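Notes to accompany the following structure.
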Ligand code: C2E
Ligand code: MG
Ligand code: MG
Ligand code: MG
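Residue numbers (UniProt numbering): 564 to 854.
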C-alpha cells in the first residue's frame, strides 16, 4: 500500500513537471509573436530624490499580458528568454518602448530620465553598445537621459570583458546603476574599478528595515561605503514611512517603492506626474525642465 501511494505521488509529481515544462516551452515559442502583437508592454515606477521628493527618473519594468495565462511577471519569463537566446530582442523591445516614452516627454519639454534593466546575458552580446547607440539615435534621446541597470553577477563573472563594455556604454553619456546590490558576490571595491554611477540597495534589505536593526545596519553600511567611493545610492522597496525616514537620515540619495508609487502604466504615470509636480506641457521652444 505504501508503495502504491508512493508511486502515485511520483506520477503526479511528473505530471506537474510536465505541465510546467510544457508551459515554458510554449511561452518560449510565443515570445517573439507576443512582442509583435503588443502583448509585451512596460510600466514605469517613479524614483524620487530623498531630500526634495522631486521625481528624478522612472524605472521601466516589462509586463506580459498573456491571452490565456493572464499577467506573467518578469521573473517568470526573463530567465526563459535568456535560456532560449531571446533576451537580446526582448531587451531591444523594452529599450524601444522606454526611449519612445522618453522622447514624448521631451516633446512636452520634460527631461525625465528612464532606467532600463539589462540582463547579465546582454553584456556578452558583441553588438550591445551599437544597438543601444542606434536606439538612442532613432528616438533622438540624449544618452544622459538613459540609465542602464546591471546585476552584480554580470559584471563580476567576466570582469575584463564587461568592464570594456561598460566603458563603451558610459562613453555614450548614459549612467550605469548596479541593481539588487548586496545580494551578489561583488564588493564595493570591485565596483570602484568599473564606471558605475550608482548602486541600488536590494529590496530584501530595505523591506526589513522598519522591523530589523540588522537590515538597517546593512543599508547604512552600503550607503556610507558607496558615498566614500563617490557613488549615488538608490533604495528600492521602500514601503513605509519609517523606512523612508531612516534612509533619508542615513543620507540615501533616492527612493523607489510602493510608498512613493507602484509601477504605473504610461497614461497613469502622466496623471501622477501632473498631480505631483503640476507640470503641464510647456510652450514649444521653452527650456527643458529637468525633473
Ligand atoms: P528589479 O529591477 O530589482 O525591479 C524592482 C522590482 O521590485 C519590480 O518587480 C518592482 O515592481 C518591485 N517593487 C518596487 N517597489 C516595491 C516595493 O515597495 N515593495 C515590493 N515588495 N516590491 C517592489 P517586477 O516588475 O516584478 O520585476 C522583477 C524583476 O524582473 C526586476 O527586478 C528585474 O530584475 C526584472 N526585470 C523587469 N523588467 C525587466 C526588463 O525589461 N529586462 C530585464 N532584463 N529584466 C527585467
Ligand atoms: Mg531594476
Ligand atoms: Mg532592483
Ligand atoms: Mg530587485
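For each residue, glycine too, the CB sits at the ideal point set by N, CA and C.
Note that the structure is predicted; figures quoted are calculated from it, not measured.
DSSP three-state assignment for residue 658, whether helix, strand or coil: Taking the first residue of the chain shown as position 1, residue 658 is located at position 95. Reduced to three states, the DSSP call for residue 658 is helix.
Opposing strand residues paired with residue 741 [DSSP bridges]: Position 178 of the chain shown, counted from the first residue, corresponds to residue 741. The partner list for residue 741 (beta bridge, DSSP) reads 713 and 762.
Residue 798 (DSSP reduced to helix, strand or coil): If you number the chain shown from 1, residue 798 lands on position 235. Note: residue 798 maps to strand in three-state DSSP.
For ligand 2, residues whose Cβ lies under 5 angstroms from any non-hydrogen atom: Result (chain order): 680, 712 and 742.
Per-residue DSSP class, three states only, for residue 626: Against the chain shown, residue 626 aligns to sequence position 63. If DSSP states are grouped into helix, strand and coil, residue 626 belongs with the strands.
Collapsed DSSP secondary structure at residue 757 in the structure displayed: Along the chain shown, read from residue 1 onward, the residue named residue 757 stands at position 194. Three-state result, residue 757: coil.
Residue 765 CB to nearest heavy atom of ligand 3 below 8 angstroms: Position 202 of the chain shown, counted from the first residue, corresponds to residue 765. For ligand 3, at least one heavy atom lies less than 8 angstroms from the Cβ of residue 765.
Span separating the alpha-carbon of residue 689 from that of residue 775: Position 126 of the chain shown holds residue 689. Position 212 of the chain shown holds residue 775. One C-alpha to the other measures close to 43 angstroms.
Length of the line joining the Cα atoms of residue 837 and residue 820: In the chain shown, the residue the question calls residue 837 occupies position 274. In the chain shown, the residue the question calls residue 820 occupies position 257. Approximately 19 angstroms between the Cα atoms of the pair.
Inter-stretch contact at 8 angstroms, needing at least 3 Cβ pairs: the region 785 to 793 / the region 820 to 830: no
Where residue 894 falls, given that 16 or more other Cβ within 10 Å makes a residue buried: Missing from the structure shown is residue 894; the chain here goes from 564 to 854 and no further.
Presumed contact (8 angstroms Cβ cut-off) between residue 681 and residue 654, rounded CB distance: Reading the chain shown from its first residue, position 118 is the one you call residue 681. Reading the chain shown from its first residue, position 91 is the one you call residue 654. The pair is a contact, with the Cβ atoms about 7 angstroms apart (cut-off 8 angstroms).
Inter-residue spacing [alpha-carbon to alpha-carbon] between residue 697 and residue 780: As a position in the chain shown, residue 697 is number 134, starting the count at 1. As a position in the chain shown, residue 780 is number 217, starting the count at 1. Computed Cα separation, rounded: 42 angstroms.
Nearest to residue 773 (by Cα), restricted to the options 620, 759, 810 and 761: Within the chain shown, numbered from 1, the residue matching residue 773 stands at position 210. The shortest C-alpha separation from residue 773 is found at 810.
Those residues which DSSP pairs with residue 608 across a bridge: As a position in the chain shown, residue 608 is number 45, starting the count at 1. In DSSP, residue 608 forms a bridge with 622.
Per-residue burial, residue 777 [other beta carbons within 10 Å of its own, 16 or more giving buried]: One-based indexing of the chain shown puts residue 777 at position 214. By the 10 Å Cβ count, residue 777 comes out exposed.
The region 578 to 598 touching the region 626 to 641, judged by at least three CB pairs closer than 8 angstroms: yes
heavy atom of ligand 3 below 8 angstroms from residue 761 C-beta: Here residue 761 refers to the residue found at position 198 of the chain shown. No, ligand 3 has no heavy atom inside 8 angstroms of this Cβ.
Contacts around residue 686, its chain only, beta-carbon distance under 6 angstroms, and the 5 residues preceding and following it disregarded: Translated into the one-based positions of the chain shown, residue 686 becomes position 123. If we look at residue 686 and ignore the five residues flanking it on each side, its Cβ neighbours are 717, 725 and 728.
Span separating the alpha-carbon of residue 668 from that of residue 797: In the chain shown, counting from the first residue as 1, residue 668 sits at position 105. In the chain shown, counting from the first residue as 1, residue 797 sits at position 234. Going from the Cα of residue 668 to the Cα of residue 797 covers about 23 angstroms.
Given 8 angstroms, three or more beta-carbon pairs between the region 643 to 651 and the region 609 to 622: no
Exposure of residue 714, with buried meaning 16 or more beta-carbon neighbours within 10 Å: Residue numbering aside, residue 714 sits at position 151 when the chain shown is read from its first letter. Counting Cβ neighbours within 10 Å, residue 714 comes out buried, since at least 16 surround it.
Best match in 647, 604 and 612 for proximity to residue 627 [C-alpha to C-alpha]: Position 64 of the chain shown, counting from 1, holds the residue named residue 627. Among 647, 604 and 612, the Cα nearest to that of residue 627 is on 604.
Distance between residue 585 and residue 678 (C-alpha atoms, nearest Å): Reading the chain shown from its first residue, position 115 is the one you call residue 678. Reading the chain shown from its first residue, position 22 is the one you call residue 585. Straight-line Cα distance between these residues: approximately 33 angstroms.
Counted within 10 angstroms of its Cβ, other Cβ atoms place residue 632 as buried (16 or more) or exposed: Translated into the one-based positions of the chain shown, residue 632 becomes position 69. So residue 632 ends up on the exposed side.
Secondary structure of residue 644, DSSP reduced to three states: Stepping through the chain shown from its first residue, residue 644 is reached at position 81. Looking at residue 644 - three-state DSSP - the assignment turns out to be helix.
Proximity to residue 664 [Cα-Cα], best of 737, 762 and 702: Here residue 664 refers to the residue found at position 101 when the chain shown is read from its first residue. The option with the nearest alpha carbon to residue 664 is 702.
Residues near residue 582 by beta carbon distance below 7 angstroms, same chain, minus five either side: For the purposes of this step, residue 582 is taken as residue 19 along the chain shown, with counting starting at 1. So the list is empty, once near-sequence residues are dropped.
First and last residue of the uninterrupted beta strand (DSSP E) at residue 634: Locating residue 634 in the chain shown gives position 71, where the first residue counts as 1. Note, residue 634: beta strand (DSSP E), 633 to 635.
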